[in-house]
Amino acid sequence: MLDDRTRAALESKILRLADNEFILGHRNSEWAGHGPILEEDIAFANLALDELGHGILWYRIVSMLRDEDPETYPDQLVYQRDAQDFRNADVVALPHADWAFSMLRQFLFDAYESVHLPALLASRYAPIAEAAAKIKQEEVFHLHHTKAWALRLGQGTDESNRRMQQALDTLWTPFRQVFVSTPDESLLVDSCITPDLREIHVEWRNTVVPFLESSNLVVPETSARLDAPDVAQSTHINTLVAELQEVSRIAPNAAW
Amino acid sequence: MDQPAKLAAFEARIARGETIEPGDWMPDEYRRQLLRMMSQHAHSEIVGMLPEGAWITRAPSLKRKLVLLAKVQDEGGHGQYLYDAAESLGATREELIEALHTGRAKYANVFNYPTPSWADVGMIGWLVDLAAILNQSMLAKCSYGPYARAMLRICSEETFHKKQGQEIVITLARGTREQRAMAQDGLDRWWWPTLMQFGYPDSESPHTATLRRWGIKTKTNDELREMFIKEIVPELKLLGLEPPDPELRFDEATGSWKHGPIDFDELKRVVNGNGPCNKERLAARIKAHDDGAWVREALVAYNAKREPSEVQG
Amino acid sequence: MTSTQWPVYQVFERPAHGRPMRVGGSVHAVDAETALQNAWAVYGRRPTAVGLWVVPRRLVLMKTKEEVDDFTQDRDNRAASDQSFYVFCRSGAKLVYEEAPQVVAPSPEQAMVRAVAGLNDCFACWVFPAAAVTSTESQTAECSFAPQHYKWFRDHKSFPIVAMLREIRADASERKHA
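Chains as they are written, first to last, in the working numbering: chain A, 1 to 256; chain B, 1 to 313; chain C, 1 to 178.
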């Protein structure tokens, strides 16, 4: 049984996981119909659908923690929260710059999932382990896909390399926010509910840095401390959420 | 075999219910008509991703959001199947895309209309996709094998789209006053463009007889239009929605629906590039293609640098 | 406008476990790996396929039965070694090309002749070297081309139109009789 403080910590943590997936999926969905190659347009939409689905899985757990109906509460979380109450890392809300940007961001996220999910599978909190098991199956395929792309764009032409490098320079530092703890997360780590993100971060670096370098990219130096306080939301989330909720707010409690 | 004998043999094959496959002899006119139909159909699917795709980020519920994204993805997939089928007649995808971007190739004119409200997503799904299903069921029995096979896949996926659109409209029609007004407004704007999808009246369609003999067209434009009205009008009325046609009525004597005149001048204008969104939609497709050039070049360059694979046969 | 003429990869799909492969659509791609991934995205995103192959289309020899009957045998005397060829055949009035028994031959043309000779009721036939196949079924567990299960948003049960309309008719009829 969870005491109140642990429960609150768990809610914060899972809400963050959910918002990360959902907002990333939302950004990626913007490419539908505008992709560089028809087959890839279709494939990238699959990735977006999966991420949105993962977000919903995590929102359902938040619903249960709050004694809300998991069939309807996720919609409330997405369509009735204010922008400032979204808990995603800012990096997933950044508007996409070009195809290199979106593909690289997705790769970095898939690599993070590939080290994070195995740790979540070992969670003592059963709903987390179950959600992780469902998500992991799809993420294996995602990583295969985005790795292939990152390699090809990194090594392809001077222009594709330049664009990937620019994307990496833009994304590298903000991406660290994904590894920042939520309030009271140490309670969860101590209870073996979630892993220590510092270890996950190290594993992630050990995976992505050699791979990016083998794709002819230079990984930026960064001296920002990982344990900086939870970064404030940038204005991007405000614009994103305004658009996300534009139609639903016409009749906020109606069925759509 | 000489030409007339070849043609007779060809038509006999079709009469026997055989499919014509790539590499088989076919009249030039058959090839031309099919290539035109398949490529137009493909272009329609691709351009059709845009009017609804614009609403993915604003879809007002989780169900609507995922369903709409999956639908737009399906449309891309349909375009893909159809480009593939068109290529079996000797065109390349690059040529087909260039024809679209330079305005030589046509696509369904419905996609030249704007989608200013969420209700439009419902109307396109219900009205336009129902029209497409009626047209397409006919094509699933088309004599040209690759087209028939593509259409089988497309038809089964399209039935979802129509249901999804209909569910949106039903939900709006039973909702708040604003939602009901939104639905009626959507119907006002999509009714006539959808009826135009069935093409010119039979009296003005010269190719029908030949296309019927070649197993490309098994129902006439007017027949399909009638089937559409018969199915959809009672359901619209049940929801309290009225098609914007004061002359629309069911004629007991003939057992068919009568409707007001379709403005085919408008159809001509829109088809020829002067509709409200033609330029915008094509510009979006051209931009996606041009912006993607560096991506395609990078993939080619990467492949060229690698060692030859051992399975290049 | 830049244009790149890309290779086309023919796609083959297995509709369910234990069922034979059949000809599917095709994808444009520059290499076999991305062809396979894209084929999976386009043709594997519904549970209509549990496995896919991709083969460069230029390596697939496609002939109608009449063309094969008219074939002059390839009498090339290169010391070509035998390879395995997959055979796909369209029979009768069926629309699909299904997998038929493999043949061994020193060239695609010879493979075609042998394949057709061994088949009854064959309208048209495709052959290609087994070595040219890239398959989801031979991938290691590391990359999962796990067959899709129905996602709720691709399930007809998620859109209960008939029930909704029935309910509305019942309401309307109640109001009428009220």
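Don't be surprised by glycine CBs; every beta carbon is placed ideally from N, CA and C.
Might you give, ordered along the chain, the residues of its own chain that have their beta carbon closer than 6 Å to the beta carbon of residue i, omitting 5 neighbours on each side?
| i | result |
| --- | --- |
| residue 295 of chain B | none |
| residue 229 of chain A | With a pLDDT of 48 at residue 229 of chain A, under the threshold of 50, the modelled position of this residue cannot be trusted, and the question is left open. |
| residue 47 of chain B | 107, 111 and 281 |
| residue 167 of chain A | 100, 101 and 104 |
| residue 82 of chain B | 38, 41, 42 and 150 |
| residue 128 of chain B | 110 and 194 |
Can you check whether the CB of residue j is closer than 8 Å to the CB of residue i?
| i | j | result |
| --- | --- | --- |
| residue 101 of chain C | residue 61 of chain C | no |
| residue 50 of chain C | residue 105 of chain C | no |
| residue 119 of chain B | residue 185 of chain B | yes |
| residue 168 of chain C | residue 238 of chain B | yes |
| residue 108 of chain B | residue 79 of chain B | no |
| residue 11 of chain C | residue 25 of chain C | yes |
| residue 129 of chain C | residue 83 of chain C | yes |
| residue 43 of chain C | residue 52 of chain C | yes |
| residue 153 of chain A | residue 136 of chain A | no |
| residue 88 of chain C | residue 111 of chain C | no |
| residue 163 of chain B | residue 159 of chain C | yes |
| residue 34 of chain C | residue 32 of chain A | no |
| residue 269 of chain B | residue 100 of chain B | no |
| residue 157 of chain A | residue 223 of chain B | no |
| residue 165 of chain B | residue 123 of chain B | yes |
| residue 139 of chain B | residue 147 of chain B | yes |
| residue 145 of chain A | residue 43 of chain A | yes |
Near residue i, which residues of its chain fall below 8 Å by C-beta distance, leaving aside the five closest residues on each side in sequence?
| i | result |
| --- | --- |
| residue 77 of chain C | Only weak support exists for where residue 77 of chain C lies, its pLDDT of 49 falling under 50; the value from the coordinates is given anyway. Excluding sequence neighbours, residue 77 of chain C sits near nothing in its chain. |
| residue 91 of chain B | 35 and 39 |
| residue 174 of chain A | 89, 90, 91 and 94 |
| residue 7 of chain A | 65 |
Please classify residue i as buried or exposed, where buried requires at least 16 other C-beta atoms within 10 Å of its C-beta.
| i | result |
| --- | --- |
| residue 64 of chain A | exposed |
| residue 28 of chain C | buried |
| residue 179 of chain B | buried |
| residue 256 of chain B | exposed |
| residue 57 of chain B | buried |
| residue 171 of chain B | buried |
| residue 192 of chain A | exposed |
| residue 10 of chain B | buried |
| residue 152 of chain C | exposed |
| residue 176 of chain C | exposed |
| residue 69 of chain C | exposed |
| residue 209 of chain A | exposed |
| residue 114 of chain A | buried |
| residue 235 of chain A | exposed |
| residue 1 of chain C | With a pLDDT of 30 at residue 1 of chain C, under the threshold of 50, the predicted position of this residue should be treated as unreliable, though the coordinate-derived value follows. Answer is exposed; the Cβ neighbour count stays below 16. |
| residue 274 of chain B | exposed |
| residue 272 of chain B | exposed |
| residue 206 of chain A | exposed |
| residue 117 of chain B | buried |
| residue 245 of chain A | buried |
Output needed for residue i: all residues of its chain with C-beta closer than 7 Å, excluding positions within five of it in sequence on either side, in chain order.
| i | result |
| --- | --- |
| residue 91 of chain C | 121, 122 and 123 |
| residue 87 of chain B | 93 |
| residue 80 of chain A | 252 |
| residue 151 of chain A | 215 |
| residue 230 of chain B | 257 |
| residue 141 of chain C | Note on residue 141 of chain C: pLDDT 47, under 50, position unreliable in the model; no value is reported. |
Please look up how many angstroms separate the CB atoms of residue i and residue j, rounded, as I've assumed it's under 8 Å.
| i | j | result |
| --- | --- | --- |
| residue 26 of chain A | residue 288 of chain B | Rounded, the Cβ-Cβ distance is 19 Å, inconsistent with contact. |
| residue 19 of chain A | residue 87 of chain A | 5 Å |
| residue 142 of chain A | residue 47 of chain A | 6 Å |
| residue 59 of chain C | residue 115 of chain C | Between residue 115 of chain C and residue 59 of chain C the Cβ distance is about 15 Å, and since that is not below 8 Å, they are no contact. |
| residue 76 of chain B | residue 41 of chain A | 5 Å |
| residue 241 of chain B | residue 195 of chain B | Between residue 195 of chain B and residue 241 of chain B the Cβ distance is about 16 Å, and since that is not below 8 Å, they are no contact. |
| residue 69 of chain B | residue 29 of chain A | 5 Å |
| residue 13 of chain A | residue 185 of chain A | 6 Å |
Return yes when at least one heavy atom of the ligand ATP lies under 7 Å from the C-beta of residue i, else no.
| i | result |
| --- | --- |
| residue 26 of chain A | By its list of ligands, the structure shown contains no ligand whatsoever, and the ligand ATP lies outside what it can speak to. |
Taking Cβ-Cβ distances below 8 Å as the criterion, which residues of the segment 123-138 of chain B are in contact with chain C?
none
Please identify, using Cβ separations under 7 Å, the residues of the segment 107-138 of chain A that lie next to chain C, in order along the chain.
137
In chain order, what residues of the segment 9-40 of chain C put their CB closer than 9 Å to some CB of chain A?
27, 28, 29, 30, 31, 33, 34, 35, 37, 38, 39 and 40
Of all the residues that make up the segment 279-303 of chain B, which are near chain A by a beta-carbon distance shorter than 9 Å?
284, 285, 287, 288, 289, 291, 292, 293, 294, 295, 296, 297, 298, 299, 300, 301, 302 and 303
The segment 87-118 of chain C: which residues have C-beta closer than 8 Å to a C-beta of chain B, in chain order?
90, 93, 95 and 96
If you measure beta-carbon to beta-carbon, which residues of the segment 250-265 of chain B are closer than 7 Å to chain C?
none
For the segment 142-158 of chain A, which residues have a beta carbon sitting closer than 8 Å to at least one beta carbon of chain B?
151, 152, 153, 155, 156 and 157
Would you list, in chain order, the members of the segment 55-84 of chain A that have their beta-carbon closer than 7 Å to a beta-carbon of chain C?
none
Near-chain C residues of the segment 161-193 of chain B - C-beta to any C-beta below 8 Å:
163, 164, 166, 167, 170 and 174
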